[in-house]
Amino acid sequence: MSTLAVEVVYRGIFQKTLARNIVRSIVFAARKDGKIGTAFGRYGDSPERNGIPAKQFAIVADDPEELEESLAVYQATNVDVTINVDDTMCKGIESWAWYGLQPINELTKPGGTLIVTSRQQADALLDDIHPKESPYNLSIVTGIPSFSGLWVYKDDHTDVRVLGALCKVCPELVSLDAMLETIEEQMGGGTKVVSAQRSYERTGARPVEPGEGGNRREMKFTMPGWKSMEEGLVIRAIPEGGEFAEGEGGYVPGRSDVFKKFSTRSMRPVVNFETCIKCTLCWLQCPDTCFDVTPDGLYDANMEACCGCGVCEAVCPVPDCVTMVNEAEFNDNDSQWQWWQKDKDGYNKWMTDLVEQQKAETRTHGFHHVGGYAQEIQAAEAD
Amino acid sequence: MTTTVPTDMFQQSTEELISGSEAIAIACALADVDVITAYPIRPYDTVMQYVSKLKADGAFDCDFIVAESEHSQFEIVKHASAVGARTFCGSSGVGWFYAFEAITVTAGLRMPVVAMVGNRALDDPGAFGVEHNDAMAVRDLGWHLYWVATAQEAMDIALLAWRVAEDRNVLLPFAISCDGSFLTHSQAIVQVPTREQVNRYLPGYNRHELQLHPDNPITVAPQVNEDWLMEIRRQTDEAMRRAVGVIYEAYDEFKEVFGRGDPSPFIEEYMTEDAEIILVGMGTLAMPTRVAVRRMREQGKKVGFVRVKFFRPFAVEEVQNALRGAKGIAVIDRDYSYGSPSFGGVLFHELRSTLYPLPERPLMLNFIAGLGGREVMVRDVNEMVETIEKALETGKIEQETTWINVRE
Ligand code: SF4
Ligand code: SF4
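So the protein lines, in turn, are chains A and B. Number 223 in numbering that gives the first Met the number 0 belongs to position 224 of the first sequence; there are no gaps in the numbering. Number 252 in numbering that gives the first Met the number 0 belongs to position 253 of the second sequence; there are no gaps in the numbering.
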């Protein structure tokens, strides 16, 4: 019996069409190989919200009965290939549909493959990824994450490049010929076929040993039973906040342990504490009440809570005082202000370099741009 | 009504990778539905997306009306049906309930509206997953009520639905129940028939002398009192009784024209022959149940499964025949009726009343499973069978209703 399962982990809305193209093409191609398959999204992930991690699956079997056997387990509990189309999700994902942080490779079965689209090298990616008890392979399709919107699709060949790589790392799923034929028929062919073919040729895999991986972060919740749950759909208010540091003042708001945290974030704000004028706008406007007030009256974005929406950057009146930076640059959620306190020169240098580097590049995650506000201001000034 | 149909689509039978919702949308195009009303609620809204896309792509022409609420949505198709338009609409969960005033009169006025219910848990709590209580609410109102298990079946039953509902001997609305997520959002390979096949199978809708039209001046839906109501109810009852025969006939012809279908339109039997324990359920939980049954058969257990397809009209004799001889019956309900006899599910009560006249009644247990979209797994089905085996062995029923996979 050979049933093969693939999951595509993607960012809600921005990568929905991308994920759909990938899983559907797998099923079409498998059909050409004489197999049968099905494609579906995780229902709990939908209706999607911008950037929230979500999943789609493709399951391929030799015959309908076999397919039925594996579909009986609706969310595949282990998959042959995990495809992650935004490397910042290597840090783990919280979707709508479960509580806690799921390692990106949680469903990747022993000996399976994790394909990531990324510009990082394998070792850098592994720093972000949780270790597993069993070996698997890591395969990188080089590129920046492909982000678009609900009604538009960035046709940058990410879909076909992933599909080409997939045929390489899991030839028993679908043959390259069947996939190329599918791309020809379903996706317009032409240079896309060439892209898929090239990606197939270039893709390699790096074996990952048991225990390898730098992310030890656990976030798990015990769900109450019907006897211990409060009646009448009640959720108790969270306790009030407290001082930033004991006896030193400042203010940290209370935050719920069970609400979704930070894995929606693909970029994070970096604050220049030297130029901040303490205008409070970021603190007021942050939709997730992320800014902790420091004892010296500055505002420190708490990375345990930040969803990466970019509002703080957009509202901050001081140039380059808040800058959104690719999440892939970071390995922890530590306080920027505390670092700055300890080592002002070190922090300032790191921060300025990073900001300059961000300016030089196109933003990796297309939806983040100061755009709206900046354009409005420009338009107003032009009038 | 609207008749411009482009001729280039559906000329050839094709194989598509689509969800149950897409399948029903395609059935709308194939059946050349005249008036479709929509109001978004998950998971039903998938069908309105696909319908509007098919219309935009020129697959068919219809009046596609996005109403301002479910209530208006169902009112509009009711009225359209009165003037002779083939209609389609649908909803889910509390949206379906919001339309209830219109839903009840649709059957009373004998309007063959076809609706898709994307089964969804009733709020509160706001949840999107499948539960059968929403669609179940029309069970006493004169609606056909069918539970689908696959995307292919969704398309096939939609085509059958217009044929049966619009039959002059029936003229009753038809609800196609599709499990949210498992059907509405999962894509599978579906054979799409040709328009020629569908035209051959599905005659035009004709209300004849009941059609509201300037050439046929009539009044529909007057106020009535106690001296009329019993007769009206009895008439609707008779139409539902006639529906049984019409369904058999329509299903036979369906198999002839399209070349697929089960032996019976009303139930699906799986490994029931010589079965000592038979599980009964509806909708997509058929899949894990069949797999569990298959595996238990491999271990030599005499287990079978009956899927009830038509909940209304309910095929008493067919169900009796399928279950006769079994020692234990495990009824799986993806619904619940608070405070009902033995605190159980609706299907369970229906089954118990169906089997009551049998000279030898089997032991019956009820399992509440998969509420709110929780998966029903093979191991859950095993647990049900083990529970009933134990009851059979000891001759003692510890509890009639068991909640499966619920956190204590
Ligand atoms: S990006 Fe800024 S505004 Fe948005 S959640 Fe994070 S800290 Fe708050
Ligand atoms: S908006 Fe900018 S200047 Fe104002 S408090 Fe926040 S970081 Fe400082």
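Cβ atoms here follow ideal geometry from the backbone N, Cα and C, with glycine treated the same way.
- By the criterion of a C-beta distance shorter than 7 Å, Gly125 (chain B) is surrounded by no residue of its chain, once the five residues flanking it on both sides are discounted.
- Not one beta carbon of chain B lies nearer than 8 Å to the beta carbon of Val59 (chain A).
- The DSSP assignment places complete alpha helix (DSSP H) segments of no fewer than 4 residues inside the stretch 255 to 340 of chain A at 280 to 284 and 310 to 314, in order along the chain.
- A straight-line Cα-Cα distance of about 33 Å links Thr190 (chain A) and Asp44 (chain A).
- C-alpha of Cys61 (chain B) to C-alpha of Ala29 (chain A): approximately 36 Å in a straight line.
- Residues of chain A with a Cβ closer than 9 Å to the Cβ of Met110 (chain B) do not exist; the shortest Cβ-Cβ separation is about 32 Å.
- If you look at Glu225 (chain B), you'll find it in the alpha helix (DSSP H) that goes Glu225 to Phe257.
- Excluding five sequence positions before and after Gln151 (chain B), the CB atoms of its chain that fall closer than 6 Å to its own CB belong to Val189, given in chain order.
- Within its own chain, the residues whose Cβ lies closer than 7 Å to the Cβ of Met110 (chain B), once the five positions on either side in sequence are excluded, are Lys77, Ser80, Ala81 and Pro172, listed in chain order.
- For Asp133 (chain B), no CB of chain A lies under 8 Å from its own CB, so it is not counted at the interface with that chain.
- When Cβ-Cβ separations below 8 Å define contact, Glu68 (chain A) makes contact with chain B.
- For Asp62 (chain B), the enclosing beta strand (DSSP E) begins and ends at Asp62 to Val65.
- For Arg289 (chain B), the secondary structure class from DSSP, reduced to helix, strand or coil, is helix.
- In summary, the residues of the stretch 113 to 142 of chain B whose CB is separated from some CB of chain A by less than 8 Å are Asp123, Pro124, Phe127 and Gly128, in the order they occur in the chain.
- Against chain A, a Cβ distance below 8 Å from Ala187 (chain B) picks out Thr37.
- Judged by their CB atoms, Cys88 (chain B) and Phe73 (chain B) are nearer to each other than the 8 Å cut-off.
- Contacts with chain A at 8 Å (Cβ-Cβ) include Ser180 (chain B).
- The beta-carbon separation of Ala325 (chain B) and Ile403 (chain B), rounded to 20 Å, does not stay under the 8 Å limit for a contact.
- At a cut-off of 8 Å between C-beta atoms, Leu232 (chain A) counts as an interface residue with respect to chain B.
- Along the stretch 243 to 267 of chain B, none of the residues has a CB nearer than 7 Å to a CB of chain A.
- For the stretch 253 to 264 of chain A, the set of residues with a beta-carbon nearer than 9 Å to any beta-carbon of chain B is empty.
- In this structure, the C-beta of Ile40 (chain B) stays at least 7 Å away from each heavy atom of ligand 2.
- The alpha-carbon separation between Ile21 (chain A) and Val7 (chain A) amounts to approximately 8 Å.
- Counting only runs that start and end inside the stretch 80 to 112 of chain B, the alpha helix (DSSP H) elements of at least 4 residues fall at 92 to 97 and 99 to 107.
- For chain B, the residues of the stretch 6 to 26 of chain A that bring a beta carbon within less than 9 Å of one of its beta carbons are Val22, Arg23 and Val26, in chain order.
- Ligand 1 has no heavy atom closer than 7 Å to the beta-carbon of Ala327 (chain A).
- Residue environment for Glu229 (chain A): exposed (fewer than 16 other C-beta atoms within 10 angstroms of its C-beta).
- For a cut-off of 8 Å, the C-beta gap from Phe366 (chain B) to Ala329 (chain B) is around 6 Å, short enough to register as a contact.
- Assignment of beta-bridge partners to Gln101 (chain A) by DSSP yields A:Ile92.
- It is roughly 31 Å from the alpha-carbon of Trp349 (chain A) to the alpha-carbon of Val207 (chain A).
- Within the stretch 303 to 337 of chain B, no residue places its CB atom closer than 8 Å to a CB of chain A.
- Taking 7 Å as the cut-off, one finds at least one heavy atom of ligand 1 near enough to the beta carbon of Pro286 (chain A).
- Val129 (chain B) has no beta-bridge partner at all, per DSSP.
- For the pair Trp146 (chain B) and Phe265 (chain B), the CB atoms are not nearer than the 8 Å cut-off.
- Neighbourhood of His184 (chain B) in chain A, by CB distance below 8 Å: Phe39, Gly40, Tyr42 and Ser45, in chain order.
- Across the set A:Trp150, A:Leu175, A:Ser147 and A:Glu171, the C-alpha of A:Leu175 shows the shortest separation from the C-alpha of Val159 (chain A).
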